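Notes follow the structure.
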Amino acid sequence: MNIDEALNIIDKAEVFGANLNCDRALHLYRHLGDPWRHMESFHVACTNGKGSISSYLTHILCQAGHKVGWYTSPYLIRFNERIRVLDGPADLARYDVDLTTGEIPDTDVVRLMGVVGKTAEKVHEEIGQHVTQFDMITAVAFLWFKEQGCDYAVLETGLGGRLDSTNILEKPIATMMASPGYDHMDRLGNTMAEIMSEKAGVIKRGTPVYAYNPSDALLSQDDAADARRVLEERCRAVDAPLTFVGYSDIEVLDYGREGQKFRSRHTGREYSTKLLGPYQPIYAMQSALAVAHAGLADSEAIRRGIETTVWPARLEVLSRSPFVLLDGAHNLQGMLGLKEALSRLSDGDPIVFLIGLFADKDYEKMLRALLTDSMFKIAGIVATEPPSERKLDAETLAKTAERIMVHNRGETVVIAEADIDAAMEKALRMAEEKKALICACGSLYLASGVKSAVHDLLG
Numbered sequence: 000m001n002i003d004e005a006l007n008i009i010d011k012a013e014v015f016g017a018n019l020n021c022d023r024a025l026h027l028y029r030h031l032g033d034p035w036r037h038m039e040s041f042h043v044a045c046t047n048g049k050g051s052i053s054s055y056l057t058h059i060l061c062q063a064g065h066k067v068g069w070y071t072s073p074y075l076i077r078f079n080e081r082i083r084v085l086d087g088p089a090d091l092a093r094y095d096v097d098l099t100t101g102e103i104p105d106t107d108v109v110r111l112m113g114v115v116g117k118t119a120e121k122v123h124e125e126i127g128q129h130v131t132q133f134d135m136i137t138a139v140a141f142l143w144f145k146e147q148g149c150d151y152a153v154l155e156t157g158l159g160g161r162l163d164s165t166n167i168l169e170k171p172i173a174t175m176m177a178s179p180g181y182d183h184m185d186r187l188g189n190t191m192a193e194i195m196s197e198k199a200g201v202i203k204r205g206t207p208v209y210a211y212n213p214s215d216a217l218l219s220q221d222d223a224a225d226a227r228r229v230l231e232e233r234c235r236a237v238d239a240p241l242t243f244v245g246y247s248d249i250e251v252l253d254y255g256r257e258g259q260k261f262r263s264r265h266t267g268r269e270y271s272t273k274l275l276g277p278y279q280p281i282y283a284m285q286s287a288l289a290v291a292h293a294g295l296a297d298s299e300a301i302r303r304g305i306e307t308t309v310w311p312a313r314l315e316v317l318s319r320s321p322f323v324l325l326d327g328a329h330n331l332q333g334m335l336g337l338k339e340a341l342s343r344l345s346d347g348d349p350i351v352f353l354i355g356l357f358a359d360k361d362y363e364k365m366l367r368a369l370l371t372d373s374m375f376k377i378a379g380i381v382a383t384e385p386p387s388e389r390k391l392d393a394e395t396l397a398k399t400a401e402r403i404m405v406h407n408r409g410e411t412v413v414i415a416e417a418d419i420d421a422a423m424e425k426a427l428r429m430a431e432e433k434k435a436l437i438c439a440c441g442s443l444y445l446a447s448g449v450k451s452a453v454h455d456l457l458g
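Letter 97 of the sequence shown, counting from 1, is numbered 96 in numbering that gives the first Met the number 0, and no numbers are missing.
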């Protein structure tokens, strides 16, 4: 079996389980010897910011000298990105210049998927349930982290929580709840209370919870109140200490295209991060509190960890001249957060957007959130298509954007270009004419194509 055949086993598996519990994963892991069982882990859940939190946690732990298994989703360019091991500060230094550092090698993916694939067939014969794609990938991660002798693991959930393949963990070191928002409503529910009930299903008895304050999550007042209530009720029910972290806990000292500096209002300590989202200090402090409370890093390791954290495709700077940003904002709250960031980062420059969206999202509401009532001038919009069957066609996206921008028609050019390479070329030409910066956004599935196009066109 080669790597393509190994990944094909995953691709052919079901995306979602047919049952409303985790029996499939339980049986799969049990047959594999429960490789998760003695793994001390941080469990990261919720809607927006899971990746940022997991990156801060991993960087802090590595700066403290630990060997960390890091499990994320989705991948941007290579499947192997999802499963990596970083060992101490030396690996972090390599990762900072080469994002392939620590990835699981193809040979190990092939070897472990051979085992997991056969075991999945056995599980189906025994209980009549098909093991899902995420069950399989999580099993590979658990097995590899165990083989690598990781000190700690940082594990992201998939789209949910209660039924997630990672929710096998009995008592994580801490449960991290990122920013709540509306996403995957076909699976998780149509109200914030329903969505948060699914997400909060990862909270375990007695395990400390560090949660993004819903009041700062760009939700309506009612939705924020519902999200907070669900978290508080769940934590009370399982006697889990709950700490909310929000903008009131930080003081921003400096903010610009190079990064931001901030101070903890509780400790007075100052930190800097290269990540540009205005919300990033909150994610950083959630992570700092969790690791410090667990006694796994001192204040200097925490400071260095936050300072060295990188996380691709989240307001990532792909070029400084011209200035090109890539952001994976893929839901309403993500778009609102991106607009807030751009109001600061634009620095008076107009913006050309390269946008690709999924048809199964509330794409008109997402576009309105980004393109209306903004503090920056929109010079142009290039509508393109993510490489996915779920894609919204570029023509429909462009027409929707034109309708939203009808009162700005004389100032904002809107064009459709399905091919990402050609779309980026047109965005660059438009940005040069308008003396504008470029922001590519709308889906993480754009990341690989956008990065490749920028590299080919700008070097």
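Cβ coordinates follow ideal geometry from the N, Cα and C atoms, glycine included.
As the structure is a computational prediction, the values presented were derived from the model and not from experiment.
>> When you compare the CB positions of G379 and A430, do they come within less than 9 Å of one another, or not?
In response: yes
>> Let's see if you can read the secondary structure: which residues bound the beta strand (DSSP E) around F352?
In response: I350 to I354
> What whole-angstrom Cβ distance do P213 and A173 have, given they're in contact under 8 Å?
Replying inline: Actually they are not in contact, since the Cβ atoms of P213 and A173 sit about 18 Å apart, beyond 8 Å.
> Considering K398, what are the terminal residues of the alpha helix (DSSP H) in which it resides?
Replying inline: Boundaries of the alpha helix (DSSP H) around K398: A393 to I403.
> Can you tell me whether DSSP reads A177 as helix, strand or coil?
Replying inline: In the structure shown, A177 sits in coil (DSSP, three-state: anything other than H, G, I, E or B).
> Going by the CB atoms, is the gap between M176 and A89 shorter than 9 Å?
Replying inline: no
> Taking only runs of the beta strand (DSSP E) that begin and end inside the stretch 278-322, which ones reach a length of at least 3 residues, in chain order?
Replying inline: 315-319
> Thinking C-alpha only, which one of L187, A452, C440 and M404 is nearest K425?
Replying inline: A452
>> Measuring only the C-alpha atoms, how far is D97 from I305?
In response: One C-alpha to the other measures close to 18 Å.
> In this structure, what does DSSP give as the bridge partners for Q62?
Replying inline: In DSSP, Q62 forms no bridge with anything.
> Identify the residues that DSSP records as bridge partners of R83: which are they?
Replying inline: W69 and E102
> Excluding sequence positions up to five away, which residues of its chain have a Cβ less than 8 Å from the Cβ of I46?
Replying inline: The identity of residue 46 in the sequence shown is Thr, whereas the question assumes Ile. These residues qualify, in order along the chain: A177, S178, P179, G180, Y181, D182, I194, K198, N330 and Q332.
>> Strictly by DSSP, which residues pair up with T272?
In response: According to DSSP, T272 shares a beta bridge with Q259.
> Is the CB-CB distance between A422 and L325 below 9 Å?
Replying inline: no
> Is the Cβ-Cβ distance between C440 and L369 less than 9 Å?
Replying inline: For C440 and L369, yes; Cβs fall inside 9 Å.
>> Distance check for T411 and G68, CA to CA, integer angstroms please.
In response: Rounded to the nearest angstrom, the two C-alpha atoms are 46 Å apart.
> Assuming T383 contacts I403 under a Cβ cut-off of 8 Å, what Cβ separation, rounded to an integer in Å, is found between them?
Replying inline: Not really, about 17 Å apart at Cβ, beyond 8 Å.
> With A210 and A216 assumed to form a contact (beta carbons below 8 Å), what rounded beta-carbon distance in angstroms separates them?
Replying inline: Not quite, the Cβ-Cβ distance comes to about 10 Å (not below 8 Å), so this is no contact.
>> I'd like to check one pair, K434 with P349: are the Cβ atoms closer than 9 Å?
In response: yes
>> So, does the stretch 264-271 touch the stretch 26-35, judging by three or more C-beta pairs under 8 Å?
In response: no
> From what residue to what residue does the alpha helix (DSSP H) around C234 run?
Replying inline: C234 -> alpha helix (DSSP H) spans Q220 to A236.
>> Let's see if you can read the secondary structure: which residues bound the beta strand (DSSP E) around S40?
In response: S40 to A44
> Quick one: what's got a C-beta closer than 6 Å to A226's C-beta in the same chain, skipping five residues either side?
Replying inline: P179, M191, M195 and P213
> Helix, strand or coil for E120 per DSSP?
Replying inline: helix
> Between F261 and I281, what straight-line distance do the alpha-carbon atoms span, to the nearest angstrom?
Replying inline: 10 Å
> By Cβ distance, which residues of its chain are closer than 8 Å to G50, with the 5 residues on each side in sequence left out?
Replying inline: T71, E155, W310 and R313
>> Measuring only the C-alpha atoms, how far is D359 from L391?
In response: 8 Å
> Can you name, in chain order, every residue of its own chain whose Cβ lies under 6 Å from the Cβ of A376, other than the five neighbours on each side?
Replying inline: Ala is not the amino acid found at residue 376; the sequence shown has Lys there. Cβ neighbours of K376 beyond the five flanking positions: P349.
>> What does DSSP give as the partner residue(s) for N47 in the beta ladder?
In response: S178
> Are there three or more Cβ pairs, one per stretch, closer than 8 Å when the stretch 146-154 is compared with the stretch 120-128?
Replying inline: no
> According to DSSP, is I380 helix, strand or coil?
Replying inline: strand
> What's the call for G116, buried or exposed, on a 16-neighbour Cβ count within 10 Å?
Replying inline: G116 sits buried, since 16 or more C-beta atoms from the chains shown fall within 10 Å of its C-beta.
> Is L252 helix, strand or coil when you go by DSSP?
Replying inline: strand
> If N79 and V108 are in contact, beta carbons under 8 Å, what's the gap, nearest whole angstrom?
Replying inline: Contact flag correct, Cβ pair sits at about 7 Å.
> From this set, I301, P240 and S318, which residue's C-alpha is nearest R256's C-alpha?
Replying inline: That would be S318, whose Cα lies nearest to the Cα of R256.
> Rounded to a whole number of angstroms, what is the C-alpha to C-alpha distance between C61 and L337?
Replying inline: 29 Å
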